[in-house]
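Enquirer: Let me give you the structure first, and then I'll get to my questions.
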Amino acid sequence: MSSQKVFRLAAAIVIGLTLATLLLLQSFSSVLMRKNPALAVQLLPVNGLAQEQLAARQFMGGVKEASDITPSARTAASMATAAFGNDPLSPKAHAILALAENDAAKRQGILEAATRLNRRDLLLQGLVLEGQVERRDYSGTLETLDAIMRVHPEQKANFFPILTRALEDDSALSALSGILDRKAEWQEEFLKYAASQPDALANLAELRLLRGAVDPEVDARLIRGLVAAGSIETAYRIFEKANGVAQQERSTSQWHRTFAPFDWRLEDQAAFRAQPDPNSNALEIFVRSGKGGVLAERWLQNPNAPLTVTLAHSIEPAAQIKDVRMQFSCATSAEPYYERALRIRTDSFDVPSPPAACKFVKIAIYARSWSGSSDIRGTIDRLDIKTPQPTR
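Under full-length UniProt numbering, think of the first position of the sequence shown as 1, with each following residue one higher.
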């Protein structure tokens, strides 16, 4: 074999071994990229994805509170720059470089360029979302959050507070009104979350009041949240909007429960319950021996006048009917200003005008079966509460 052929053969073997070694290193580097990015970079210094992971770990490891974000991003910026140089599509490298940038315009430019390349990375999309809220780009905020929630629904606890912050801005209402349509599953979850956040409730309520009809469950959730937060009058406005009629036109004896407390709230325990009879307008009640409390309650807007009540029932045993009572109190007070035990026969009676300080009157059906007594059971067949139109 000539020396030239030997040289070519040796060169081919060396090149083959070099390529094989590089491929092996690349393979090992890819395997180690997430588990041990530092070793992956040592094996293959041009592994941009491993450098991106290493930069992300450096960044996240330095963040304990919000004030750490920018300094930590600057610490990781050199590795992020290397990752970007070897893999210009690396989204986390873009995100870290954006966080390290002081100039708002430059930061925005980095993010815009990055999102044209990748719309799925969580860190990158989170930065985009924060920037949109800061710039009051609420249409963009909704679009970005929708993209995040479709890919990462498990991250709602991290991103819902950002949208809640947007809801606190009056100028966001028109852009965010589509949330009430609940077209996406995450919007349903967000409404549950926002209805429990006092700072967002006021604008969420105003958002609803700007709309026509919405899903009754949205109204019910808002009403509950507002009442719990003490915004009872706003809750009542939503109740009126949801019904399309004044409360006085909504019969007390039909046991509507959709919009409690302005509709009926009924107890639903095995040993202590009130439930509508599906075949009539009656309310079935059951109180086991030793149990007692409020079986049903409803709030009415103060009519500033006496109430006329007519009540018919079929409750047993007769000796314990006196332990079932109608109570009338201010909605925010535990003590009734008027109370009356049920009679054996149909009863009609007048209730004095509520105290002027009462904005709303709580009407309650109270029952107790004392220990050692029989269970109380039966139906309230009729409950009419007539109120004049309230003066405004």
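Idealized CB from N, CA, C, for every residue including glycine.
Since we're looking at a predicted model, the values are computed, not measured.
To the nearest angstrom, how far is the alpha carbon of Pro37 from that of Glu130?
Expert: In the sequence shown, the residue the question calls residue 37 occupies position 37. In the sequence shown, the residue the question calls residue 130 occupies position 130. Any reading at Pro37 needs caution, since the residue's pLDDT is 47, under 50, leaving its predicted position unreliable; the model's value is listed next. So the two alpha carbons sit approximately 28 Å from each other.
Enquirer: Of the choices Gly140, Ala93 and Ile365, whose alpha-carbon is the least far from that of Ser329?
Expert: One-based indexing of the sequence shown puts residue 329 at position 329. Cα-wise, what sits closest to Ser329 is Ile365.
Enquirer: Would you give the residue range spanned by the alpha helix (DSSP H) that Ile232 belongs to?
Expert: Taking the first residue of the sequence shown as 1, we reach residue 232 at position 232. Ile232 to Asn243 is the span of the alpha helix (DSSP H), which, as asked, contains Ile232.
Enquirer: If you check the beta carbons only, do Ser314 and Gly378 fall under 8 Å apart?
Expert: Here residue 314 refers to the residue found at position 314 of the sequence shown. Here residue 378 refers to the residue found at position 378 of the sequence shown. It is a contact, given that the beta carbons lie within the stated cut-off.
Enquirer: With Leu201 and Ser231 assumed to form a contact (beta carbons below 8 Å), what rounded beta-carbon distance in angstroms separates them?
Expert: To locate residue 201, count along the sequence shown from 1; it is residue 201. To locate residue 231, count along the sequence shown from 1; it is residue 231. About 7 Å; that satisfies the 8 Å criterion.
Enquirer: Have a look at Gln51 and Ala184 and give me their C-alpha separation to the nearest angstrom.
Expert: Start at 1 with the first residue of the sequence shown, and residue 51 comes out as number 51. Start at 1 with the first residue of the sequence shown, and residue 184 comes out as number 184. The alpha-carbon atoms of Gln51 and Ala184 are separated by roughly 36 Å.
Enquirer: In three-state DSSP terms, what is Arg221?
Expert: One-based indexing of the sequence shown puts residue 221 at position 221. DSSP places Arg221 in helix when its eight states are reduced to three.
Enquirer: Alpha carbon to alpha carbon, how far is Thr258 from Lys359?
Expert: Here residue 258 is taken as the residue at index 258 of the sequence shown, counted from 1. Here residue 359 is taken as the residue at index 359 of the sequence shown, counted from 1. C-alpha separation (whole angstroms): 21 Å.
Enquirer: Could you tell me whether the Cβ atoms of Leu204 and Arg237 are closer together than 8 Å?
Expert: Along the sequence shown, one-based indexing puts residue 204 at 204. Along the sequence shown, one-based indexing puts residue 237 at 237. It is not a contact, given that the beta carbons lie outside the stated cut-off.
Enquirer: Helix, strand or coil for Phe84, going by three-state DSSP, please let me know.
Expert: Taking the sequence shown and counting its residues from 1, one reaches residue 84 at position 84. Phe84 falls in the helix class under three-state DSSP.
Enquirer: Starting from the C-beta of Val214, find all residues in its chain whose C-beta is less than 7 Å away, skip the five residues before and the five after it, and write them out in chain order.
Expert: Start at 1 with the first residue of the sequence shown, and residue 214 comes out as number 214. Excluding sequence neighbours, Val214 sits near Leu180 and Arg208.
Enquirer: Between which two residues does the beta strand (DSSP E) holding Asp199 run?
Expert: Counting from one through the sequence shown, the residue named residue 199 turns up at place 199. That residue, Asp199, is in no beta strand (DSSP E); its alpha helix (DSSP H) goes Pro198 to Leu209.
Enquirer: Could you say which of Ala83, Pro71 and Arg74 lies nearest to Leu54 if we only look at CA atoms?
Expert: Counted from its first residue, the sequence shown places residue 54 at position 54. Selected option, being the one with the closest Cα: Ala83.
Enquirer: Are Arg221 and Pro261 close, meaning C-beta to C-beta below 8 Å?
Expert: The sequence position of residue 221 within the sequence shown is 221, counting from 1. The sequence position of residue 261 within the sequence shown is 261, counting from 1. Not closer than 8 Å, so no.
Enquirer: How would you call Met60, buried or exposed, if buried means at least 16 neighbouring beta carbons within 10 angstroms?
Expert: On the sequence shown, residue 60 is found 60 positions in, with the first residue counted as 1. By the neighbour-count rule (16 or more Cβ atoms within 10 Å), Met60 is not buried but exposed.
Enquirer: Nearest CA to the CA of Thr70: which residue from Leu99, Ala93 and Pro88?
Expert: On the sequence shown, residue 70 is found 70 positions in, with the first residue counted as 1. Of the listed residues, the one whose Cα sits closest to Thr70 is Leu99.
Enquirer: Figure out for me which residue from Pro153, Met326, Glu217 and Ala356 has the closest Cα to the Cα of Thr310.
Expert: What you label residue 310 is simply residue 310 of the sequence shown in a count that begins at 1. For Thr310, the nearest C-alpha among the options comes from Met326.
Enquirer: Give me the Cα-Cα distance between Ala341 and Leu145, rounded to the nearest whole angstrom.
Expert: Stepping through the sequence shown from its first residue, residue 341 is reached at position 341. Stepping through the sequence shown from its first residue, residue 145 is reached at position 145. For Ala341 and Leu145, the distance between alpha carbons rounds to 55 Å.
Enquirer: Identify whether Gly372 lies in helix, strand or coil by the three-state DSSP scheme.
Expert: If you number the sequence shown from 1, residue 372 lands on position 372. Three-state result, Gly372: coil.
Enquirer: Nearest-angstrom Cα distance between Ser373 and Arg345?
Expert: The residue you call residue 373 lines up with position 373 of the sequence shown. The residue you call residue 345 lines up with position 345 of the sequence shown. Cα to Cα, the separation comes out at about 22 Å.
Enquirer: Do Ala95 and Leu142 have their CB atoms nearer than 8 Å?
Expert: By one-based count along the sequence shown, residue 95 stands at place 95. By one-based count along the sequence shown, residue 142 stands at place 142. Contact flag unset, no.
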